[in-house]
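Protein chains in written order, with the UniProt record's numbering: chain A, 1 to 405; chain B, 1 to 405.
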């Protein structure tokens with residue numbers, strides 16, 4: 001790890017990210033940098049718009065302002081959640097506060113063309129609605145319902161996304177908006193969103209989405225775990241004991257999705273004489289008091305709980321959040337999950353374990369996509385690169401000025 | 001995150017930890033600190049013995065040495081591996097090079113008294129054998145065969161360690177050696193040791209120990225994953241599909257340990273007419289060409305593979321290392337594991353996956369215990385605390401001097 005002095009602008013900014021105001025003297029103390037250096041770098045951050053004077057009253061006449069803080073409104077990001085049959089986009093500031101939102105019924109299976117056209121239009125509409133110039137857009141975060149190679153932003157063999165395999169999602173969007181585009185799978189961003197909104201102090205959490213498919217986003221030690229190829233959290237095709245005769249669309253038998261995702265629950269409810277096409281229908285039946293639907297959901301909870309018990313043994317989270325459409329069945333689902341987990345997991349791992357339904361709900365994914373984009377925009381490396389670009393532009397302007405003299 | 005200027009000694013040292021030599025000018029460039037500050041802090045690190053002049057030839061006469069580097073021989077640590085029926089201790093320098101080793105047949109079930117007495121004597125004997133003073137001992141790392149609360153160093157409800165529950169292991173050892181004592185479970189330290197010795201560039205690995213019990217150490221993104229309560233990697237009591245009728249000593253049925261750990265393999269081999277008491281006996285039979293033993297090991301591989309497949313789906317490591325006594329069965333075991341994993345795991349997660357037996361073998365655990373201790377000794381926080389203690393001692397000496405004048 002060889003730090004160059006230049007990296008210090010990004011690192012200095014890292015201190016300001018918490019939102020508290022700082023004086024130059026405090027920043028000099030905290031970094032060990034000379035006061036004159038601090039002044040230069042604060043100037044750069046102010047020109048980038050990332051930092052602003054705080055408490056304007058203290059800055060009078062020609063004196064430089066005494067306090068500086070992160071300026072959350074300086075730039076905007078858009079967080080986008082593309083699901084199997086719907087999509088949602090939210091414009092937020094650098095605090096993740098939502099300034100505008102749009103959604104649409106949209107099939108991801110229609111392919112990247114129609115879906116990304118909707119994304120491009122939504123970003124434009126959200127910016128127009130906020131009356132902010134396009135230059136204020138700093139990044140786009142987007143979640144897709146399948147495995148994504150996070151480093152390139154390309155979906156890899158996504159089972160329910162025909163036409164998307166290795167599609168250059170960032171390239172497509174960057175033809176319209178020349179900003180960083182961060183892509184991840186929908187469940188990872190849900191975990192980020194739930195944590196950002198409701199579980200900020202929880203460093204070890206698992207979010208399990210139960211909808212048309214089943215997947216998990218894992219945060220350990222405060223860090224989203226993507227694994228070596230970005231496929232961590234692939235819960236849907238873990239084998240459930242006792243379900244060996246149930247075929248799955250993946251070609252194996254006994255997968256969790258084959259017994260506990262929305263379509264399986266609807267089929268089980270139909271077999272008991274009720275009408276249901278989707279997991280959402282099953283949730284409606286549960287809410288209406290249908291005994292067969294309640295029994296089906298509780299059994300699905302036990303099956304999900306078998307795999308959650310394994311996750312608890314292997315990963316030892318302190319909170320397991322159940323999200324996605326089927327989480328709407330609430331306590332009926334949680335009771336089944338808890339039943340299996342408390343029976344199968346190590347007592348030490350369950351002693352302080354909380355198993356809850358998502359509170360961010362339908363907004364978890366857009367909030368997480370926005371968080372992914374904000375993390376990137378505010379990272380020391382990106383702030384540093386912006387500072388260097390500004391210095392290079394200054395140098396070029398200076399050289400031009402000298403030639404013209 | 002509020003860095004005080006004082007923290008910079010630890011951070012400066014962080015640059016030197018890679019072992020390469022640095023000049024004062026390079027260190028000033030890399031940190032942005034003034035040259036005079038670098039000189040003061042290098043002086044502190046040299047007084048602590050952690051940094052030494054490098055390439056003595058360049059330092060002539062009264063001139064200060066031009067190059068500085070980590071001094072790996074400055075301090076020593078002892079890594080200790082306590083297994084169910086054996087124990088081993090190794091004295092290493094700060095590079096993890098082994099300077100001396102002792103081992104013993106020792107039952108952890110005898111309780112903390114006899115076991116820790118052996119540890120205390122072994123540390124004394126190893127130091128005596130190295131002809132280094134006791135003051136050179138910087139820390140002790142120790143692995144125990146059960147769940148450990150890493151923050152306090154206390155075993156928590158360890159199933160095969162009667163008398164150890166919540167025992168203050170660091171306190172016991174610190175009554176003899178006033179140094180930091182780091183305690184972790186045996187499988188976590190094996191993962192650290194295997195990585196340090198053979199897989200330095202692998203950031204996502206799982207080490208699975210198959211012996212009297214079965215457990216896993218998980219490294220993700222280069223960080224050992226302990227989970228919220230330190231129980232991550234508890235593989236032994238995950239339910240194996242198809243083994244529902246097999247009772248486990250934990251009270252549940254179908255646990256991986258009940259079908260694939262050493263005692264289960266020995267029982268299965270006996271049922272086929274061979275003689276075996278332990279997993280080690282089964283490995284001997286496999287090596288001698290016993291068909292029944294080979295069949296039993298291969299089936300154990302398939303059962304372990306079912307759970308490894310789940311780990312691959314959930315965690316997405318790039319290397320799975322099989323260690324412990326039963327790993328001696330080599331390809332017979334690996335073939336069964338691979339069979340299940342390639343059938344059950346997502347293709348993207350297995351595309352670049354390697355499944356191998358441990359190369360560090362019997363030394364993985366002591367190397368990992370030593371690595372745990374070294375990590376602590378060389379951490380910026382600990383180096384900083386040592387610097388501050390030195391400064392306080394200087395100030396006290398100065399005050400004493402002034403009084404005596």
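Note that CB positions come from ideal geometry on N, CA and C, so glycine has one too.
Shortest alpha-carbon distance to residue 208 of chain A belongs to which of A:11, A:320, A:93 and A:283?
From the listed residues A:11, A:320, A:93 and A:283, the smallest Cα separation to residue 208 of chain A is found for A:320.
Measure from the alpha carbon of residue 233 of chain A to the alpha carbon of each residue in A:299, A:188, A:19 and A:166, then state which is nearest.
Taking residue 233 of chain A as reference, the option from A:299, A:188, A:19 and A:166 with the minimal CA-CA separation is A:188.
Which value, in whole angstroms, describes the spacing of the CA atoms of residue 276 of chain B and residue 275 of chain A?
Computed Cα separation, rounded: 58 Å.
So, with DSSP's three-state summary, where would you put residue 358 of chain B?
In this structure, residue 358 of chain B counts as coil in the three-state DSSP scheme.
Is the Cβ-Cβ distance between residue 167 of chain B and residue 159 of chain B less than 8 Å?
No. Outside cutoff.
At what residue ranges does the region 145–180 of chain B contain a whole run of the alpha helix (DSSP H), taking only runs of 4 or more?
Positions of the alpha helix (DSSP H) runs, each at least 4 residues long and wholly inside the region 145–180 of chain B, are given as 169–174 in order along the chain.
Residue 402 of chain B burial status per 10 Å Cβ neighbour count (16 or more: buried):
Answer is exposed; the Cβ neighbour count stays below 16.
Smallest Cα separation from residue 135 of chain A: which of A:308, A:87, A:404 and A:123?
Of the candidates A:308, A:87, A:404 and A:123, the one whose C-alpha sits nearest the C-alpha of residue 135 of chain A is A:123.
Check this for me: beta carbons of residue 82 of chain A and residue 143 of chain A, under 8 Å apart or not?
In this structure, residue 143 of chain A lies closer than 8 Å to residue 82 of chain A by Cβ.
Residues near residue 250 of chain A in its chain [Cβ-Cβ closer than 6 Å; skip 5 each side]:
Excluding sequence neighbours, residue 250 of chain A sits near 237.
Pick helix, strand or coil for residue 203 of chain A, following the three-state DSSP scheme.
In the three-state reduction of the DSSP assignment, residue 203 of chain A falls in the coil class.
If I measure Cβ to Cβ from residue 230 of chain A and keep anything under 7 Å in the same chain, skipping five residues before and after, which residues do I get?
Cβ-Cβ distances below 7 Å link residue 230 of chain A to 147, 148, 149 and 150 in the same chain, with the five nearest sequence neighbours on each side left out; the list follows chain order.
Report the CB separation of residue 279 of chain B from residue 216 of chain B in whole angstroms; it is logged as a contact under 8 Å.
About 17 Å; that fails the 8 Å criterion.
Identify, in the order they occur along the chain, each residue of the same chain with its Cβ nearer than 8 Å to the Cβ of residue 133 of chain A, setting aside the five sequence neighbours on each side.
Result list for residue 133 of chain A: 127, in chain order.
Report the option in A:226, A:253, A:228 and A:227 whose CA atom is closest to the CA atom of residue 239 of chain A.
Nearest C-alpha to residue 239 of chain A: A:253.
Quick one: residues in its chain with C-beta nearer than 6 Å to the C-beta of residue 303 of chain B, no 5 flanking neighbours on either side, listed in chain order?
240, 259 and 260.
Return no unless some Cβ of chain A is closer than 8 Å to the Cβ of residue 229 of chain B.
Closer than 8 Å to some Cβ of chain A, the Cβ of residue 229 of chain B qualifies, so yes.
Can you tell me whether residue 129 of chain A is helix, strand or coil according to DSSP?
It is helical.
Are the region 188–201 of chain B and the region 309–328 of chain A touching by the rule of at least three beta carbon pairs closer than 8 Å?
In short, these stretches do not touch, since the Cβ pair count stays below three.
Between residue 186 of chain B and chain A, is the shortest Cβ-Cβ distance under 8 Å, so that the two count as touching?
Proximity of residue 186 of chain B to chain A, defined by a Cβ-Cβ separation below 8 Å, is not satisfied.
Residues near residue 184 of chain B in its chain [Cβ-Cβ closer than 7 Å; skip 5 each side]
The beta carbon of residue 184 of chain B lies closer than 7 Å to those of 143, 148, 150 and 372 in the same chain, with the five residues before and after it left out.
Comparing alpha-carbon positions, which option in A:25, A:51, A:43 and A:26 lies nearest residue 17 of chain A?
Per the C-alpha coordinates, the member of A:25, A:51, A:43 and A:26 positioned closest to residue 17 of chain A is A:51.
For residue 58 of chain A, is the classification buried or exposed, using 16 other Cβ atoms within 10 angstroms of its Cβ as the cut-off for buried?
The predicted position of residue 58 of chain A is uncertain, since its pLDDT is 48 and thus under 50; a value taken from the coordinates is nonetheless stated next. Answer is exposed; the Cβ neighbour count stays below 16.
Under 9 Å from the C-beta of residue 352 of chain B: neighbouring residues of chain A
The contacting residues are 228 and 229.
Just how far apart, CA to CA, sit residue 108 of chain A and residue 218 of chain A?
Between the alpha carbons of residue 108 of chain A and residue 218 of chain A lies a distance of about 24 Å.
State yes or no: is the C-beta of residue 323 of chain B within less than 8 Å of the C-beta of residue 364 of chain B?
Yes, Cβ-Cβ distance for residue 323 of chain B and residue 364 of chain B is below 8 Å.
Residues, ordered as in the chain, of the region 291–315 of chain B that lie near chain A by beta-carbon distance below 9 Å
Listed by position, the residues of the region 291–315 of chain B near chain A (Cβ gap below 9 Å) are 306, 307, 309, 310, 311, 312, 313, 314 and 315.
Which residues does DSSP list as the beta-bridge partners of residue 220 of chain B?
Residue 220 of chain B pairs with B:223.
Beta-carbon gap between residue 87 of chain A and residue 78 of chain A smaller than 8 Å
No.
How is residue 105 of chain B classed by DSSP in three states: helix, strand or coil?
DSSP places residue 105 of chain B in strand when its eight states are reduced to three.
Validate contact between the region 285–297 of chain A and the region 170–185 of chain A using beta carbons, cut 8 Å, 3 pairs:
These segments do not touch.
Interface partners of residue 235 of chain B on chain A, CB under 8 Å
Under the 8 Å cutoff, chain A gives 313 and 314.
Give the secondary structure of residue 376 of chain A by DSSP, where H, G and I count as helix, E and B as strand, and everything else as coil.
Residue state, collapsed to three classes: helix.
Is residue 114 of chain B buried or exposed, if buried means 16 or more other CB atoms sit within 10 Å of its CB?
Exposed, by the Cβ-count rule.
Comparing alpha-carbon positions, which option in A:112, A:242, A:383 and A:27 lies nearest residue 180 of chain A?
Residue A:383 is the option with its Cα nearest to residue 180 of chain A.
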